[in-house]
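Position 100 of the sequence shown, counting from 1, maps to 120 under the numbering used here, and the rest follow consecutively.
Quick reminder that beta carbons are idealized off the backbone N, C-alpha and C, glycines included.
The structure appears right after this line, and notes come after that.
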Amino acid sequence: MKYPKQILEGIKNYLLTERSNLNQKLLSIKSQDPFSDPERTNDNAASDTEAQEESSHDRLEALEKELQLNLREVNQALERIDKDSYGKCLSCKSFIDTERLAVKPTALYCVSCEAKKNTNEYKNSL
Ligand SMILES: [Zn+2]
Numbered sequence: 021m022k023y024p025k026q027i028l029e030g031i032k033n034y035l036l037t038e039r040s041n042l043n044q045k046l047l048s049i050k051s052q053d054p055f056s057d058p059e060r061t062n063d064n065a066a067s068d069t070e071a072q073e074e075s076s077h078d079r080l081e082a083l084e085k086e087l088q089l090n091l092r093e094v095n096q097a098l099e100r101i102d103k104d105s106y107g108k109c110l111s112c113k114s115f116i117d118t119e120r121l122a123v124k125p126t127a128l129y130c131v132s133c134e135a136k137k138n139t140n141e142y143k144n145s146l
């Protein structure tokens, strides 16, 4: 079984748009980060500003990590479309529900494997 070409084309377009959105957001985060500002003076007398910059740097860094993760998922999904393996669960090799893919087009596992995976991760984190 394979997904109809039309559906795949639609998903691919969505992913490509998503990818350029993510790249744009990443660029704007980099430009907002006070630590990446070359004009920033190191001998900042006001420690208040310093602390503020630090916390906004942490916040931006967390956001950047999340966006990069999303970007990786989008790239993986695009690669899987090109390799004709899109929509196949990485674990049990069965096809992922189209409803699930509609909600999360970058899903790599079917609902039941994802649930198992989460339970294992939860167990491992205990
Ligand atoms: Zn599965």
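Using a 10 angstroms sphere on the CB of Cys130, the tally of other CB atoms reaches 16 or more, which defines it as buried.
Take Ser132, set aside five residues on each side of it, and the residues of its chain with a beta-carbon closer than 8 angstroms to its own are Cys112, in chain order.
In the DSSP assignment, Lys124 falls outside any alpha helix (DSSP H), carrying neither H nor E. In the three-state reduction of the DSSP assignment, Lys22 falls in the coil class. For Leu128, same chain residues with a beta-carbon under 6 angstroms away, outside a window of 5 residues either side, are Leu110 in chain order. Within the same chain, Cβ atoms closer than 7 angstroms to the Cβ of Glu93 are found at Thr126, the five residues on either side in sequence being excluded.
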